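Residue numbers (this note's numbering): 8 to 315.
Remarks on the structure that follows.
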Amino acid sequence: MANKKEDTKKTNVKTDAPKASLPPSGFKIVLREILRSKSALTALIIVILILLFTFGGSLFLNKAQVTEINIADAYYGWGEAGHLLGTDDGGRDILKLLIMGGRNSIMIGISVTIITEVVGLIVGLVAGYYGGAIDSVIMRIVDFVQILPQMPIIIVLTTVIPNYNAVTLVWLIAMFGWTTTSRYYRSFVLSQRGRDYILASKTSGSNNFQIMFRELLPNITSMIIIDVVLTIAGNIGIETSLSFLGYGLPSTTPSLGTLIGFANDPVNVINRPWLWLPATLLLLIISLSINYVGQALQRAGDARQREN
8 MANKKEDTKK TNVKTDAPKA SLPPSGFKIV LREILRSKSA LTALIIVILI
58 LLFTFGGSLF LNKAQVTEIN IADAYYGWGE AGHLLGTDDG GRDILKLLIM
108 GGRNSIMIGI SVTIITEVVG LIVGLVAGYY GGAIDSVIMR IVDFVQILPQ
158 MPIIIVLTTV IPNYNAVTLV WLIAMFGWTT TSRYYRSFVL SQRGRDYILA
208 SKTSGSNNFQ IMFRELLPNI TSMIIIDVVL TIAGNIGIET SLSFLGYGLP
258 STTPSLGTLI GFANDPVNVI NRPWLWLPAT LLLLIISLSI NYVGQALQRA
308 GDARQREN
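Take a look at the structure:
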């Protein structure tokens, strides 16, 4: 009887023992970090609202009507004649231009980011993984592209390229943006290529392509997400700067930069703030919100590395 009781106690102890908890998924860590920070949560909500405002609002607008010039309605102020944010020198509604311009600027920022991330990731993976002579050659090319004066070259090309449009602008900006991204990923790959799981994959007979994209790439996923978010904000700023200077999107295509460009006239700065102030505030809010979300993602990436 005593032995049976002891066996029963041992069984109960084993049953009551807590199971080994698995580390939380990347999505749960990101969600936890965003919910933990009020600023990051607020920023994320603002980003979502801006996307709904620009992309959702543009679905109900016709570009031809938005950009149609009507001199009789020029320079209406805040709320005059049914125009909530007034009109510009061509009688075009500022609110509608803000919706279309915000969508265009964000779309260009996202498009440039996709191209630079793909190119930069591949270049960074190859350079960091192989190292040696291959790394040296690739990095010398990257150095050469980085020392080129980006803005003057883009400005010159926009004036000489025939049939210039938004797609052309995307490729011109991406032509220089991939270098910073490739250096960023190369540094992480260099820190990973000597790890045990990479050496074990080589020993097991996996080829280099499989190791880079099946083993190494998933381990820098959090860094990719962080870089994508922050790069979008930077590319929106580049497009806005070029459009502000008159070398970005064509004049017939609304942009945050073209709206902010009204501030070049001192009369508009003082007497007509509705022309440039809404676009300036929208750009500022987008940049700050994306930055706060990016900081939360960076903390989530650090937390995931610690828990793994």
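C-beta atoms are modelled at their ideal positions from N, C-alpha and C, and glycine is treated no differently.
Bear in mind the structure is a predicted one, so any value in this text is a computation, not a measurement.
Rounded to a whole number of angstroms, what is the C-alpha to C-alpha distance between residue i and residue j?
i: aspartate 95; j: tyrosine 171; result: 25 Å
i: glutamine 199; j: tyrosine 137; result: 12 Å
i: tryptophan 178; j: isoleucine 115; result: 10 Å
i: asparagine 226; j: tryptophan 85; result: 52 Å
i: leucine 266; j: leucine 197; result: 44 Å
i: isoleucine 233; j: alanine 303; result: 9 Å
i: threonine 186; j: serine 248; result: 20 Å
i: alanine 181; j: threonine 123; result: 6 Å
i: leucine 132; j: arginine 221; result: 12 Å
i: serine 189; j: phenylalanine 183; result: 11 Å
i: leucine 38; j: leucine 290; result: 26 Å
i: isoleucine 101; j: leucine 92; result: 6 Å
i: aspartate 272; j: asparagine 278; result: 10 Å
i: glutamine 305; j: threonine 228; result: 12 Å
i: isoleucine 36; j: leucine 42; result: 10 Å
i: glycine 400; j: glutamine 157; result: Here the chain covers residues 8 to 315 and nothing more, so residue 400 does not appear.
i: leucine 59; j: asparagine 214; result: 45 Å
i: leucine 288; j: histidine 90; result: 18 Å
i: isoleucine 117; j: isoleucine 231; result: 14 Å
i: serine 258; j: serine 250; result: 9 Å
i: isoleucine 148; j: leucine 155; result: 11 Å
i: glycine 139; j: threonine 49; result: 46 Å
i: arginine 202; j: proline 169; result: 50 Å
i: aspartate 150; j: isoleucine 161; result: 18 Å
i: serine 143; j: asparagine 77; result: 58 Å
i: tyrosine 191; j: glutamate 87; result: 50 Å
Rank the options by C-alpha distance to the C-alpha of residue i and give the top, closest one.
i: isoleucine 113; options: Gly264, Gly268 and Ala303; result: Gly264
i: valine 167; options: Gly93, Ile227 and Tyr254; result: Tyr254
i: leucine 256; options: Lys45, Gly108 and Leu56; result: Gly108
i: serine 262; options: Thr210, Ile41 and Leu176; result: Leu176
i: isoleucine 141; options: Leu155, Arg193 and Gln153; result: Arg193
i: leucine 224; options: Leu252, Gly212 and Phe195; result: Phe195
i: threonine 260; options: Glu87, Glu75, Thr210 and Ser44; result: Glu75
Tell me which residues share the same chain as residue i and place their Cβ nearer than 7 Å to its Cβ, disregarding the 5 neighbours each side in the sequence.
i: methionine 4; result: Nothing about residue 4 can be reported from this structure: the residues present for the chain run from 8 to 315 only.
i: glycine 301; result: Ile233, Val236 and Leu237
i: isoleucine 129; result: none
i: lysine 103; result: Leu68 and Val73
i: valine 54; result: Ser296, Ile297 and Val300
i: glycine 64; result: Ile106
i: threonine 61; result: Ile106, Gly109, Arg110 and Ile113
i: leucine 51; result: Ile41 and Val300
i: proline 280; result: none
i: tyrosine 82; result: Thr94, Asp96 and Arg279
i: serine 44; result: Ala303
Can you find the residues in the same chain that come closer than 8 Å, C-beta to C-beta, to residue i, ignoring five residues on each side of it along the sequence?
i: valine 163; result: none
i: asparagine 275; result: Phe269, Leu282 and Trp283
i: alanine 47; result: Glu40, Ile41, Tyr299, Val300, Gln302 and Ala303
Please go through the same chain and pick out, in chain order, the residues whose beta-carbon is closer than 6 Å to the beta-carbon of residue i, but skip the five residues on each side of it.
i: proline 159; result: none
i: aspartate 80; result: Thr94 and Gly98
i: serine 208; result: Ile218 and Glu222
i: valine 126; result: Trp185
i: valine 152; result: Thr186
i: asparagine 242; result: Gly116, Val119 and Thr120
i: serine 28; result: Note that serine 28 scores 47 on pLDDT, short of 50, meaning its location in the model is unreliable; the coordinates nonetheless yield the value given after this. Counting only Cβ-Cβ distances below 6 Å, and skipping sequence neighbours, we find nothing.
i: leucine 252; result: none
Do residue j and residue i count as a contact pair if the criterion is CB distance below 8 Å?
i: threonine 120; j: isoleucine 239; result: yes
i: leucine 105; j: alanine 286; result: yes
i: isoleucine 205; j: isoleucine 57; result: no
i: asparagine 111; j: alanine 71; result: no
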